[in-house]
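Data first, discussion second: the structure below is written as structure tokens.
2 protein chains.
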Amino acid sequence: MVNKANGPAAREGTGRGRGRRPADEVRADVLRTVGELLLTEGIADLTFERVARTSGVSKTTLYKWWPSKGALALDGYVHAVQETLAFPDTADIRADLLTQLRAFAHVMTETPGGRVLTELIGESQTDQDLATAYREVYSSHRRRLAVERLHRAQEQGQIRADIDVQVLVDQLWGAVYHRLLIPDEPVTDAFVTALVGNLLDGVRPA
Amino acid sequence: MVNKANGPAAREGTGRGRGRRPADEVRADVLRTVGELLLTEGIADLTFERVARTSGVSKTTLYKWWPSKGALALDGYVHAVQETLAFPDTADIRADLLTQLRAFAHVMTETPGGRVLTELIGESQTDQDLATAYREVYSSHRRRLAVERLHRAQEQGQIRADIDVQVLVDQLWGAVYHRLLIPDEPVTDAFVTALVGNLLDGVRPA
């Protein structure tokens with residue numbers, strides 16, 4: 122019975138060129154393809170041509186959904202990293218920030234993902250459309266997730282109520298971006314640990 | 122006597138095309154011209170052609186000293202802002218950081234200087250020569266000045282001895298760059314004040 126009910130739909134879902142699949146499913150497939158490509162090879166070899174070939178989706182459809190390579194790359198990147206870069210909540214803000222920031226630093230320094238982001242940020246300094254896409258598809262979304270976790274820490278009494286947690290986003294993740302974009306100093310585990318300690322404990326003598 | 126000793130040299134120093142002036146003096150003149158141009162008009166209209174015309178120095182000489190527009194812009198920018206962005210030392214690290222960061226935020230948000238830097242940082246993501254020039258001419262020098270001031274605060278017992286002050290550079294100036302490069306949130310005076318307070322006081326409840 123299970124086979125009968127799921128069989129044809131399941132086959133239709135995986136086969137290509139055998140009738141129409143739901144658009145959501147096709148989109149998710151494309152984003153998976155793009156995300157894998159970005160995290161293994163980087164952005165240089167990402168072309169609509171290649172994504173069309175690999176995913177079996179026409180270039181016309183791809184351009185309809187993602188008007189530029191930057192938009193396609195960002196959306197693929199977001200989908201590729203959303204689980205790795207989730208914000209854990211074990212009710213211990215120090216431990217959770219360290220976990221998340223270490224995962225973030227790993228993606229940024231050990232996979233081509235870091236290069237993808239710094240190049241997109243770079244290009245967005247002179248490309249207004251890309252800057253808008255970057256904020257809408259990626260950065261404002263990531264900022265919101267971070268702020269939500271920091272607000273819960275405030276509710277749990279681990280961060281003072283008078284602190285504007287938006288500023289902490291710039292002093293944690295923003296500080297990492299600073300070292301990636303202007304690499305005078307490296308992103309190390311000691312750096313990540315110090316970012317969290319400096320803010321939670323303060324740097325003045327006791 | 123004074124006139125006789127200084128007269129001819131002084132006249133030679135200010136006149137153009139009246140014999141050779143010392144190279145250092147000519148260089149300083151060019152950098153002043155470039156710096157003024159950058160802080161009033163931005164980088165878009167900066168060309169070797171125009172700098173040659175304004176400063177009366179041949180393009181050949183300009184190219185010899187600064188092999189690219191990026192290198193020329195950076196050097197001019199450094200000279201234009203070095204006094205405004207000096208690191209004061211009144212023996213009060215909180216007050217001095219606020220003074221310096223406010224001057225920095227002003228240059229970055231109220232003059233074309235901010236755009237100059239963010240565009241150069243942007244371009245340096247894909248231009249290795251510019252990235253090297255940026256670090257050598259600008260960022261590593263600015264970082265060193267900040268670190269020197271923070272080290273003096275450590276010696277004066279205002280910052281704990283176990284703190285790696287390099288990290289504070291990323292959590293103060295780097296946090297400002299983050300808002301400039303990815304403008305999800307604005308650079309305001311409240312932001313600058315919070316940057317300093319969060320680090321000196323910590324964000325945990327007392």
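Chains as they are written, first to last, in my numbering: chain A, 122 to 327; chain B, 122 to 327.
Every residue gets a Cβ at the ideal spot worked out from N, C-alpha and C, and that includes glycine.
Just so you know, these numbers come straight off a predicted model, no measurement behind them.
Residue contact check for residue 274 of chain B against chain A: no CB pair falls below 7 Å.
Taking a contact as a CB-CB distance under 8 Å, the pair residue 178 of chain A and residue 167 of chain A does not count as one, their CB atoms being some 15 Å apart. Between residue 217 of chain B and residue 209 of chain B, the gap from beta carbon to beta carbon is short of 7 Å. CA-to-CA, the gap between residue 151 of chain B and residue 176 of chain B works out to about 6 Å. Secondary structure note for residue 230 of chain B: its alpha helix (DSSP H) is the uninterrupted segment 214-231. According to the DSSP assignment, residue 250 of chain A belongs to the alpha helix (DSSP H) that extends over 249-254. Membership of residue 176 of chain B in the alpha helix (DSSP H) is indicated by the continuous run 169-176. Look at residue 162 of chain A: its C-beta is not under 7 Å from any C-beta on chain B. Shortest Cα-Cα distance from residue 253 of chain A to any of B/304, B/224, B/263 and B/236 involves B/304. Rounded to the nearest angstrom, the Cβ distance from residue 215 of chain B to residue 310 of chain B is 15 Å, too far for a contact under 8 Å. If the five residues before and after residue 282 of chain B are omitted, its C-beta is found closer than 8 Å to the C-beta atoms of 275, all from its own chain and listed in chain order. Under the Cβ criterion of 7 Å, residue 147 of chain A is not counted among the residues facing chain B. Per DSSP, reduced to three states, the secondary structure at residue 305 of chain A is coil, with no helix or strand assignment. Boundaries for residue 164 of chain A: no alpha helix (DSSP H) harbours it, and the DSSP string shows neither H nor E there. By the Cβ rule, the segment 257-272 of chain A does not count as touching the segment 280-295 of chain B, because fewer than three pairs are nearer than 8 Å. Check the Cα spacing between residue 145 of chain B and each of B/186, B/162, B/170 and B/159: the tightest is with B/186. When the alpha-carbon of residue 160 of chain B is set against those of B/201, B/268, B/322 and B/143, the nearest one is in B/201. Annotated as proximal: residue 323 of chain B and residue 322 of chain A, with beta-carbon spacing under 7 Å. Taking the Cβ atoms as the reference, residue 239 of chain A lies roughly 6 Å from residue 302 of chain A, within the contact range of under 8 Å. Excluding residues up to 5 positions away in sequence, 221, 224, 225, 228 and 263 lie with their Cβ nearer than 8 Å to the Cβ of residue 206 of chain B in the same chain. Sequence-ordered contacts of the segment 294-310 of chain B with chain A read 295, 296, 298, 299, 300, 302, 303, 305 and 306 [C-beta pairs closer than 7 Å]. Close to residue 167 of chain B, with beta-carbon spacing below 9 Å, lies no residue of chain A; the smallest spacing is near 15 Å.
Sequence-distant Cβ neighbours of residue 235 of chain A in its own chain, meaning closer than 8 Å and more than five residues away, are 228, 229 and 301. Judged by DSSP in its simplified three-state form, residue 327 of chain B adopts coil rather than helix or strand. Counting only runs of at least 4 residues, the segment 266-318 of chain B fully encloses the following alpha helix (DSSP H) elements, listed from N- to C-terminal order: 286-302.
Distance between residue 191 of chain A and residue 243 of chain A, taken at the CA atoms: about 12 Å. For residue 199 of chain A, the enclosing alpha helix (DSSP H) starts and ends at 190-202. No Cβ of chain B is located within less than 7 Å of the beta carbon of residue 226 of chain A.
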